[in-house]
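K.L.:
Counted from 1, the first sequence has number 1536 at position 49 by the numbering used here; the numbering is strictly sequential.
Using N, Cα and C, we set each Cβ at its ideal position, and we do this for glycine too.
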Amino acid sequence: MTAIWWLRRDLRLTDNAALQASLETGSVIPVFILDPAFESASARRKEFLYEGLHALDKDLRERNSYLVIRKGKPLEVLRQLLQETSTTQIFAEEDFTPYARKRDSEIERQLPLDLVNGQTVHHPAAVLKADGKPYTVYTPYSKVWKAKLPAKLNLYPAPEKINTPSNIKSEPLPRYKVSPLFVAGEKEALVRLEEFLFKRIYSYGEDRNRMDLDGTSSLSPYLRFGMLGLRQAVSAARQAIAEARGAGAEVWLNELIWREFYIQILYHFPYVSKTAFNPSLANIPWRNDEAEFEAWKNGRTGVPVVDAAMRQLKEIGWMHNRARMIVASYLVKDLLIDWRWGEAWFMENLLDGDPAANNGGWQWTAGTGTDAAPYFRIFNPVLQSTKFDPQGDYIRKWIPELRSVDAKDIHAPWEKGIKVKGYPENPLVERNKDRTLQAYKFSKEVVRS
DNA sequence: CCTGGAGTTGTCCTA
DNA sequence: TTAGGACAACTCCAG
């Protein structure tokens, strides 16, 4: 018997539940479908994806198999492929975004598609309160999530050999130049995981906030495409905790649980991709100044830490987590620009751009999300910069104009009247907390009445 | 149904 | 210099 293994966001051979199910059938036809619905997706993320597909094909060829690429609407492509190869079974890892769920349920009705859970440790519908409703607060969610963990997650090892019928037609795949910072593919993901687990995890608890250090795991693009599975990461984190490999491991595990938390939020509350999770904050009177938005996107707001971060995003398609909060807070609370504008810009530019995590992060910063009482929490970019980039190294790295400015002046050059050729002399706007709080209050009052 | 404790990641003023 | 509490008031969640 032969099964089609339809890959989507699980571009790996290790601990791949859909591959495992296919292998149990016999021969496996690994297929990735270039869905026209994603043609308009971020060019940068597509490059990373295509490189990841090349890498996967290579890994498959080492195991006597290969990757079949097809272009078209998944339903039609799969129907055609079933006929062409006389196959009667399709396996795929369940994906929980609204688009994926709609697509898959339609296909399930017409074709022999079996969805298996592998993207998360717990299925989004499996962690619920006693009353059967989903959690909307992280801490109680994470407690139950942890309590539900089996003693050990049994990970499927990568198979040594995969039998695939020969000569199945495949579309050519464009080749891009490889980004030196994020090399796509499972092998790279595993190398990074090891490196993180035996080096940076020790100081992860503190260093993850430091924008001037490589303190984060930098695994997000790999998790996004399943080049590394969340289950693998969780399993590694637990092992590190068990071996007492630093307090950072527990912090990292919690970060991984945040991913599942937001996957689960998007699953149960799909409206969050369109509007505020908290209905009382769905009517904030945004200023939405286009020129200010352009300045923000291009790293020309005049606030060095904001500009450094936005330029980092533009240049490498990734931004430090602490920096994401700072630029998001600046856009939403200081410029009063709709968080959805920022969300969309991040999706356009982030290699790790993921609907659930990105939306969750933006709604959290905007204060419209699942967080309980944060709307008076407005980041002060200068304080954040001083705290998490003390020497200004992060700023200097991404803003060459400011390279000769001292650590004590670089966070707020305008305060000292420091003028640098080519860099804005003053910030785009003066900080005005009242303006922000008024806008939020307005929304609350509109909804109440 | 009622009750009380708690809520990722802050800021800023005061003592 | 540093530690502590106010910020404003709500909803979630478990008992």
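Considering only the alpha carbon of each residue, which of P1611, P1914, A1579 and Y1586 lies closest to L1598?
P.N.:
Of the candidates P1611, P1914, A1579 and Y1586, the one whose C-alpha sits nearest the C-alpha of L1598 is A1579.
K.L.:
Does M1488 pass the burial test, meaning 16 or more other C-beta atoms within 10 Å, or should it be called exposed?
P.N.:
Classification for M1488: exposed.
K.L.:
Kindly indicate which three-state DSSP category V1934 falls into: helix, strand or coil?
P.N.:
Helix, per DSSP.
K.L.:
Which residues in the same chain have their Cβ closer than 7 Å to the Cβ of V1907, if we skip the five residues on either side of it in sequence?
P.N.:
Correct list, in chain order: E1888, L1889, V1892 and P1900.
K.L.:
Since T1651 and I1516 should fall inside the 8 Å C-beta cutoff, what is the C-beta to C-beta distance between them, to a whole number of angstroms?
P.N.:
The Cβ separation is near 6 Å, so the contact holds.
K.L.:
I need the straight-line Cα distance from S1722 to L1640, nearest angstrom please.
P.N.:
If I take the Cα positions, the gap works out to 6 Å.
K.L.:
With distances taken from CA atoms, which of A1843, W1885, V1614 and D1618 is nearest T1626?
P.N.:
Of the candidates A1843, W1885, V1614 and D1618, the one whose C-alpha sits nearest the C-alpha of T1626 is V1614.
K.L.:
Does DSSP put T1623 in a helix, in a strand, or in coil?
P.N.:
If DSSP states are grouped into helix, strand and coil, T1623 belongs with coil.
K.L.:
Would you please state the rounded distance, in angstroms, between the beta carbons of F1669 and W1885? I believe it to be under 8 Å.
P.N.:
Incorrect: roughly 17 Å between the Cβ atoms, too far for contact.
K.L.:
Using DSSP with H/G/I as helix, E/B as strand and the rest coil, what is A1736?
P.N.:
Three-state result, A1736: helix.
K.L.:
Are E1647 and R1550 touching if we call contact CB-CB under 8 Å?
P.N.:
Taking 8 Å as the Cβ cut-off, E1647 and R1550 qualify as a contacting pair.
K.L.:
What do you reckon, are the CB atoms on M1714 and Y1881 nearer than 8 Å?
P.N.:
Result no, Cβ atoms of M1714 and Y1881 do not sit closer than 8 Å.
K.L.:
Work out the CA separation of I1813 and P1772 for me, nearest whole Å.
P.N.:
Roughly 21 Å between the two C-alpha positions.
K.L.:
When DSSP labels each residue in this structure, what does L1668 get in the three-state scheme?
P.N.:
DSSP places L1668 in coil when its eight states are reduced to three.
K.L.:
Name the one or two DSSP bridge partners that F1519 has.
P.N.:
Per DSSP, L1494 and I1556.
K.L.:
The beta strand (DSSP E) that contains D1591, what's its start and end?
P.N.:
It is not in any beta strand (DSSP E) - D1591 instead sits in the alpha helix (DSSP H) that spans P1585 to Q1597.
K.L.:
Let me confirm a value: T1574 is counted as buried when at least 16 other C-beta atoms fall within 10 Å, else exposed. Which label applies?
P.N.:
Counting Cβ neighbours within 10 Å, T1574 comes out buried, since at least 16 surround it.
K.L.:
Terminal residues of the continuous beta strand (DSSP E) containing I1577?
P.N.:
Counting along the chain, the beta strand (DSSP E) containing I1577 begins and ends at I1577 to E1580.
K.L.:
Just confirm the distance between the C-beta atoms of R1718 and D1502, as a whole number of angstroms; I'd bet it's less than 8 Å.
P.N.:
Indeed they touch by this definition, with Cβ atoms about 6 Å apart.
K.L.:
Using the rule of at least 16 other Cβ atoms within 10 Å of the residue's Cβ for burial, across every protein chain shown, is N1765 buried or exposed?
P.N.:
That one is buried.
K.L.:
Out of curiosity, what's the CA-to-CA distance linking D1876 and I1897?
P.N.:
One C-alpha to the other measures close to 10 Å.
K.L.:
Which runs of the alpha helix (DSSP H) spanning at least 4 residues fall entirely within the region 1832–1870, listed in chain order?
P.N.:
1842–1853, all fully within the region 1832–1870.
K.L.:
Which two residues bound the contiguous beta strand (DSSP E) that contains L1889?
P.N.:
Where L1889 is concerned, there is no enclosing beta strand (DSSP E), given that its DSSP letter is neither H nor E.
K.L.:
Specify whether the region 1775–1792 and the region 1909–1921 touch according to this definition: at least 3 beta carbon pairs, one from each stretch, less than 8 Å apart.
P.N.:
Flag = yes, the region 1775–1792 and the region 1909–1921 touch.
K.L.:
Within the chosen definition, does the region 1616–1632 reach the region 1588–1597 through at least 3 CB pairs nearer than 8 Å?
P.N.:
Contact fails: fewer than three Cβ-Cβ distances are below 8 Å.
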